[in-house]
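All remarks here apply to the structure that follows.
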Amino acid sequence: DRSVNNNGLIVNGTVTRTAVATGADLVAYSGFTPSNYLEQPYNSDLDFGTGDFSIMGWVKSNNIGSQRIINRQSADKYINISLSGSTLRTQFNSGPALAATTIPPNVWTFFCVTRKDGVVSDYVNGVFGASVSNALDLTDADAVLTVGLDFSGIQPFNGSLALWRISATAPTAEQIAKIYND
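Residue numbers (our numbering): 541 to 722.
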């Protein structure tokens, strides 16, 4: 966590760190399994209530099977970003899911999901994909954030992740395109 809050992630097991390309300083994280993943215990900064927020980062996957990228969950509520084959899927609680956006296999792809004024939208490589209404309350004092694994520990992510971030603000479509291009 590079924010003023300084709430970092715990490495459970061994998560692989490798350069995203030969000679690059930027690293990606991979090697996720039920015992190798990143975790953050309950963090009130991620209690977005019914307000705006965004989650974004880079993903590279073989797109095989059902895989969890980011999951914040307790027994009652969740934020779930996953891959089902090549389809990105975003769902909050039992609300409607966004599952119309596809990504190519084995290629670094930028993904962003936002919630602004009760509308959840996703973007791939800076381009709008789909949206759905969802203003469900996401405050949950029991929620644990996992990266590379789902809450139940059975659907690890089979790929690499880089530059993931979560914010209590939702960038505009123009800002998302700029982030991707930069």
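Think of the CB as a built atom: it goes at the ideal place given N, C-alpha and C, for glycine as much as any other residue.
It should be emphasised that the depicted structure is a prediction, and the values quoted were computed from it without experimental measurement.
Residue i burial status per 10 Å Cβ neighbour count (16 or more: buried)
i: P696; result: buried
i: S584; result: exposed
i: D722; result: exposed
Three-state class that DSSP yields for residue i in the structure shown
i: N633; result: coil
i: I694; result: coil
i: A713; result: helix
Contacts around residue i, its chain only, beta-carbon distance under 6 Å, and the 5 residues preceding and following it disregarded
i: E579; result: I550, N552 and T686
i: A492; result: Beyond the ends of the chain as shown, which are 541 and 722, falls residue 492; an answer cannot be given.
i: I621; result: I609, I610 and T630
i: P645; result: N602 and N603
Short Cβ contact (9 Å threshold) for residue i with residue j
i: G699; j: Q607; result: yes
i: G625; j: L676; result: no
Same chain, Cβ closer than 8 Å to residue i, neighbours up to 5 away in sequence not counted
i: V647; result: K600
i: T590; result: G658, A675, L676, D677 and L678
i: V567; result: R557, T558, A559, V560 and A702
Residue closest to residue i, alpha-carbon to alpha-carbon, out of the options
i: I610; options: G571, Y618 and N603; result: Y618
i: I595; options: R705, I719, I716 and A639; result: R705
i: V684; options: D587, R612, F572 and T642; result: R612
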